[in-house]
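Novice: Structure incoming, see below.
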Amino acid sequence: MPPARVKRTRKGDYLLRLTANERDVLRTLPGQLREMLTSGGASEDPGVQRLSPPAYLDDAASSEEFDRLVRDDLVAQRMSAVDEMERTVDAERVNEDELTAWLGSINDLRLVLGTRLGVTEEMTPADLARDDPRAASFALYAFLSVLEEDVVAALAG
229 MPPARVKRTR KGDYLLRLTA NERDVLRTLP GQLREMLTSG GASEDPGVQR
279 LSPPAYLDDA ASSEEFDRLV RDDLVAQRMS AVDEMERTVD AERVNEDELT
329 AWLGSINDLR LVLGTRLGVT EEMTPADLAR DDPRAASFAL YAFLSVLEED
379 VVAALAG
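Its first residue numbered 229, the sequence shown is counted upward by one per residue in this note's numbering.
Here it is, written out as structure tokens:
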């Protein structure tokens, strides 16, 4: 098993042990998430909709009211996390608040990507042929999943 990409240090901050290629990929993601969250078509994108599921499954009016009351705050929190990840993507070390922002953005990206790909718990990379147009996206999803696990473990540790 490879070493965790994120490790808590004795000083209480977190060491990001990411390869140059991983950082190259991660550099592109905050901007993409920002675009998804702010684009006019976000309300029609099932992946973006997954970030704000209905609060009340059996009461559309209450769910819409809840959404109206909290949507702007939730989007602002997500945008703040995106900004923080973007600002620190090349850092060797981050503090707990910065890593928590990474966790939020990584989770949002996984939810959007997983919804778009139709990922199930049973799905593995072997389920997609190499020439499947979804293969690269699924590989990104898998990488984000491992990175999210490393972040959670470091924060919990």
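We put the beta carbon where it would ideally sit given N, CA and C, even for glycine.
Can you tell me whether L302 is buried or exposed? The criterion is at least 16 other CB atoms within 10 Å of its CB, across all chains shown.
Specialist: L302 should be labelled exposed.
Novice: Does V347 come out as helix, strand or coil in the three-state DSSP assignment?
Specialist: Note: V347 maps to coil in three-state DSSP.
Novice: Any chance you could list the alpha helix (DSSP H) runs of at least 4 consecutive residues sitting entirely within the region 266–338, in chain order?
Specialist: Here the runs fully enclosed are 274–277 and 288–316.
Novice: Taking only three categories from DSSP, how would you classify R388?
Specialist: In the structure as shown, the chain begins at 229 and stops at 385. Residue 388 is therefore absent and cannot be evaluated.
Novice: Quick check: is any heavy atom of the ligand MG less than 7 angstroms from the C-beta of E350?
Specialist: The model depicted lacks the ligand MG and carries no ligand whatsoever.
Novice: Check whether the Cβ atoms of L261 and S333 lie closer than 8 angstroms to each other.
Specialist: Contact flag set, yes.
Novice: Roughly how many angstroms lie between the CA atoms of V379 and R236, to the nearest whole one?
Specialist: So the alpha carbons of these two residues sit roughly 10 angstroms apart.
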